[in-house]
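Just so you know, we're using the numbering used here here: the sequence shown kicks off at 925 and counts up by one. What follows is a single structure, written as structure tokens, with notes after it.
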Amino acid sequence: MSFTEPVPILIHLAAFAMMVSLAISGFMIAAGLLDRPVERSNHQDDVPTAGGLGIVAGVGAGLLALSIFYPGLANNSLMGSLLAVLLGVGMVGMIDDLYNTRASVKFVFLVALASTAVATIGPPTSVPISILTLPIPVWFAFAGSVLWIFVITNGVNFMDGANGLMGGFMSTAFLFLAAIALMYGAINTAILAVILGASIVGFLPYNWKRRACIFSGDVGALFVGFAYAVSVLLLMRESGSSGLLFVGPLLVLPFLTDILLTMLLRARRKEDLMAAHSSHMYQRLIRTGYNHKTVSIVYVGSACVAGFTALVAVNTGLHRSLFFLGFMICFWVLIYLTLHQKLSNGPDPQQK
């Protein structure tokens, strides 16, 4: 194996990041920080949390190894700036795990960090429409990019409620994102995505079990969601292709569908959208008797379908089509509504 080609180097960095994550995540089990169950929880006993600190450590170690062993491979200045922002997100999550900070405080810090990330990378300034591109004002692109980061960051946090679900789904999404980045020669994006995916995999042995040894906590979920959204923006900058604008949403459409349709259904029932709840599809499936492991496998399977769909779209040019994006949205919405109808007629009357 030659360590002068991108793929062997990525494997090396991934292995290092995964081992660091595995070690730190295991250490956090004994750290004594517990997640105590509340009404909307899917667990009944106190469980160690903040295992996502292992993911943060894995990413930091992977990027440090990149700068030491392969200093000429990537844009170290850019990667260092992004790592600083990501560490800020991890700190926000860790403080929330420790002190349960107010949502308004997290909102301010996440928007500030998202704005910093967009300023560092630069927002996409055009929207693909088939073979054409529609230019958009820089201020609008900047605001849209910040919104994208904020939505994905919080969305991933919302979906971090079943053993292995968030980690399994997002590590799969990062794998496909890295593959697409390599297709476009976007080495910085590929490195970041591979290191992130591997760091999540290092955490999963403790979490993806019928009875989790540790949860990722906000430090993990916020970090992973933010990092994914940033990686997508980095891909567009590095590839120079605005046509990749829809690839990021395509890879996580199953998550986005669950998040947004759950919000719409709650709004239809006139529920307080700011209140904590347990209405996501994965939570409802668990309440009907499916165990965490099975539900997580289903969601990881959906991530694989979304990933292969994105790969096919990129290879055929369909990734530039709004109609294709609309078709895939309808596909996942149909699956969600079918499950919703089935569960509404079953033993979960509160969702009717």
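Where a beta carbon is used, it is the ideal one built from N, C-alpha and C, also for glycine. Keep in mind that this is a model prediction, so the values were computed, not measured.
Identity of the residues DSSP links to residue i by a beta bridge
i	result
SER1050	PRO1059
Per-residue DSSP class, three states only, for residue i
i	result
VAL971	strand
ASP959	strand
PRO1273	Below a pLDDT of 50, predicted positions are generally treated as unreliable, and PRO1273, at 40, falls in that range; no measurement from the model is reported.
TYR1023	helix
PHE1139	coil
ALA1102	helix
MET1083	coil
ALA1036	helix
ARG1134	coil
ALA1067	helix
LYS1030	helix
SER1123	helix
ALA1114	helix
GLU1162	helix
GLY1109	coil
TYR1152	helix
Expected contact under 8 Å - CB spacing of residue i and residue j to nearest Å
i	j	result
GLY1141	GLY1014	That pair is no contact at about 10 Å.
PRO995	ILE1138	Their Cβ separation, rounded to whole angstroms, is 34 Å, which puts PRO995 and ILE1138 out of contact at 8 Å.
ALA1102	GLY1088	The pair is not a contact, with the Cβ atoms about 20 Å apart (cut-off 8 Å).
PHE1127	GLY1144	7 Å
VAL1070	SER1039	5 Å
ALA941	GLY1004	Not confirmed; about 16 Å, so no contact.
GLY950	TYR1206	Rounded, the Cβ-Cβ distance is 26 Å, inconsistent with contact.
PHE1147	VAL1257	Their Cβ separation, rounded to whole angstroms, is 29 Å, which puts PHE1147 and VAL1257 out of contact at 8 Å.
Span of the alpha helix (DSSP H) around residue i
i	result
HIS1201	Run containing HIS1201: none; DSSP gives neither H nor E here.
ALA985	976-993
ARG1286	Because the chain in this structure spans residues 925 to 1276, residue 1286 falls outside the shown range and cannot be described.
PHE1251	1246-1268
Separation of residue j from residue i, as counted between CA atoms
i	j	result
MET1083	ILE992	35 Å
PHE1033	TYR1023	15 Å
LEU1285	LEU1263	Given that the chain is displayed from residue 925 to residue 1276, the structure contains no residue 1285 and the question cannot be resolved.
ARG1193	MET1187	10 Å
TYR1152	ASN1269	36 Å
SER945	GLY978	4 Å
TYR1214	THR1240	37 Å
LEU1175	ILE953	31 Å
ILE1253	LEU1177	7 Å
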